[in-house]
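Numbering (full-length UniProt numbering), first residue to last: 1 to 556. Just so you know, even glycine gets a beta-carbon here, dropped at the ideal spot from N, CA and C.
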């Protein structure tokens, strides 16, 4: 704020990485763990960026659909789900954060058929259900979870949605905007749970629905921390009227992301060490006031989701990555995966949820679904990838991996770790156009090249030829390429597509390279190096042009 408090001032912000491919929410079986990608279910409609999901109990979903039928019958009929469907288990509910509302991160509800293909029946904005007065305006929302559904004496406490919102502006400098609210699902009435002058994140509701745990900013202010927030865990009642006040109190010092294993057990994560921070998950027993570390010291574990008093799902990184330096590609152990730890069996290895189906993909923020039989999470939606690929060949001086090979590594796909097949005319083994991760093979890329799309420039220095080919393609589902391709083996790297220009030959035509193609290099897909065209480095392109101009000057 300005010195005259007139509303003028400055905003300091920190930008984080945003994946070019949208995030989306999925679930996998927990026991036994998934064995193939068919076990993974997609839980939303695939529109926009979707993350941070939580399951909605059937009784709470019934109250939401009942209110929707009274307030907006047309929308209720359009969504195709009734309160009876929720009660009978024919439809399940998921509350999650989506960016489909003008780019704002706001809460939405997905109505999912549990026994179908995992597709959402309908996605509803909470603003459409409960009105813009509560869920409207410029705000950000997060961490939706369901409370209530219990009795205090003869009084029944209905279900309510507990969440974080930034809809109330702050009046002091260096003050968080995050406040926890509770909206009654039966009538839409909303109240603030965070006391005035305090600020909370990451609410979690106990299994009984009676208590809420939050991560409270220490000192009720933000002191400039980015990665490791200074928060303590506080607990309070859900309904101040029925339960005789909130009775809020600090329970755990230096902790975040609470989750309830029972009404007496809370799991949370905590950063240890200075730089870099090591993350671990702990278990706190409210009866004995004992804190026990759950995850090993050798790994980073965060964002726990309790399954029971002893079992908890976490997002774990088993090996530190040097990816920030952009010097080497990551190994499988350096990706963030969902694992389940059991305090009652510390000697047993953790149950791996996502490693087998997507070993080279990051998975975030697990949550419990279907009573603990499935574990949900969000990850990048590589299945519907729309990408433009830059192919750059290798020379003797540039055979190591660089930042441009993070997606397309020199030995295979950086997402699914599948090697790229060599291409030969009429080869049955090279007809596939995609891998398990959904990314296309170089062959599929070549099939999508339009007339005039490739641009190549080469120059000779002795017997060495440098060729730069840009191949732009777009698809939602990769389609099979033509059956005949002009290609030659790659002498540089096993499994790498050969160097040269991309071209296709219709069936029955000669596969002999043209004279022009022979001058520029062999007529085939060029060496595969680089990531999406939209993320290509300006510095890389500039340095390539500089080398070209310098070599031309020396030739003259």
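Pick helix, strand or coil for residue i, following the three-state DSSP scheme.
i: residue 73; result: helix
i: residue 550; result: Unreliable placement is indicated for residue 550, whose pLDDT of 45 sits below 50; the coordinate value is still reported in the next sentence. Residue 550: helix per DSSP, three-state reduction.
i: residue 49; result: coil
i: residue 371; result: helix
i: residue 178; result: coil
i: residue 65; result: helix
i: residue 290; result: strand
i: residue 237; result: strand
i: residue 332; result: helix
i: residue 149; result: coil
i: residue 10; result: coil
i: residue 297; result: coil
i: residue 393; result: In this prediction, residue 393 has a pLDDT of 39, which is less than 50 and means its spatial position is unreliable; what the coordinates show is noted afterwards. Coil, per DSSP.
i: residue 248; result: coil
i: residue 19; result: coil
i: residue 209; result: coil
i: residue 256; result: strand
i: residue 37; result: helix
i: residue 204; result: strand
i: residue 220; result: helix
i: residue 344; result: coil
i: residue 583; result: No statement about residue 583 is possible, as the shown extent of the chain runs from 1 to 556 and does not include it.
i: residue 60; result: helix
Could you spell out where the beta strand (DSSP E) holding residue i opens and where it closes?
i: residue 111; result: 104 to 112
i: residue 304; result: 300 to 306
i: residue 282; result: 278 to 285
i: residue 328; result: Counting along the chain, residue 328 falls outside any beta strand (DSSP E), and DSSP gives it neither H nor E.
i: residue 274; result: That residue, residue 274, is in no beta strand (DSSP E); it is neither H nor E in DSSP.
i: residue 190; result: 190 to 192
i: residue 94; result: 92 to 101
i: residue 170; result: Neither: residue 170 is in no beta strand (DSSP E) and is coded neither H nor E.
i: residue 154; result: Element bounds for residue 154: n/a, residue is neither H nor E.
Based on the DSSP secondary-structure assignment, which residues constitute the bridge partners of residue i?
i: residue 141; result: 165
i: residue 42; result: 26
i: residue 352; result: 339
i: residue 262; result: 265
i: residue 135; result: Its beta-bridge partners do not exist; DSSP assigns none.
i: residue 31; result: Note: residue 31 sits in no beta bridge, so no partner.
i: residue 316; result: 301, 337
i: residue 377; result: 26
i: residue 364; result: 378
i: residue 357; result: According to DSSP, residue 357 bridges with nothing at all.
i: residue 228; result: DSSP output for residue 228 lists no bridge partner at all.
i: residue 123; result: 110
Identify which residue in the options has its Cα closest to the Cα of residue i.
i: residue 267; options: 101, 251, 176; result: 251
i: residue 260; options: 303, 91, 337; result: 303
i: residue 190; options: 140, 139, 151, 134; result: 134
i: residue 240; options: 271, 248, 186; result: 248
i: residue 193; options: 168, 106, 246; result: 246
i: residue 228; options: 43, 257, 140; result: 257
i: residue 317; options: 310, 340, 308, 307; result: 340
i: residue 237; options: 206, 168, 170, 71; result: 206
i: residue 167; options: 137, 25, 349; result: 137
i: residue 153; options: 243, 90, 89; result: 243
i: residue 352; options: 26, 33, 18, 19; result: 33
i: residue 287; options: 309, 272, 222, 305; result: 309
i: residue 130; options: 79, 70, 270, 164; result: 70
i: residue 347; options: 296, 255, 305; result: 296
i: residue 26; options: 65, 112, 76, 103; result: 112
i: residue 334; options: 102, 307, 363, 344; result: 363
i: residue 88; options: 57, 98, 77; result: 57
i: residue 338; options: 300, 344, 329; result: 300
i: residue 23; options: 46, 30, 31; result: 46
i: residue 75; options: 357, 42, 269, 122; result: 122
Terminal residues of the continuous alpha helix (DSSP H) containing residue i?
i: residue 130; result: 126 to 130
i: residue 87; result: 83 to 88
Assuming residue i contacts residue j (C-beta within less than 8 Å), just tell me the rounded distance between them.
i: residue 183; j: residue 160; result: 6 Å
i: residue 202; j: residue 214; result: 6 Å
i: residue 141; j: residue 107; result: 5 Å
i: residue 21; j: residue 380; result: 5 Å
i: residue 185; j: residue 99; result: At roughly 24 Å, the Cβ-Cβ gap does not stay under 8 Å, so residue 185 and residue 99 are not in contact.
Using a Cβ-Cβ cut-off of 8 Å, state whether residue i counts as contacting chain E.
i: residue 76; result: Structure shown: chain E not included; a single protein chain is present.
Taking 7 Å as the cut-off, is the CB of residue i close to at least one heavy atom of the ligand NAD?
i: residue 255; result: Here there are no bound small molecules, and the ligand NAD is not part of this structure.
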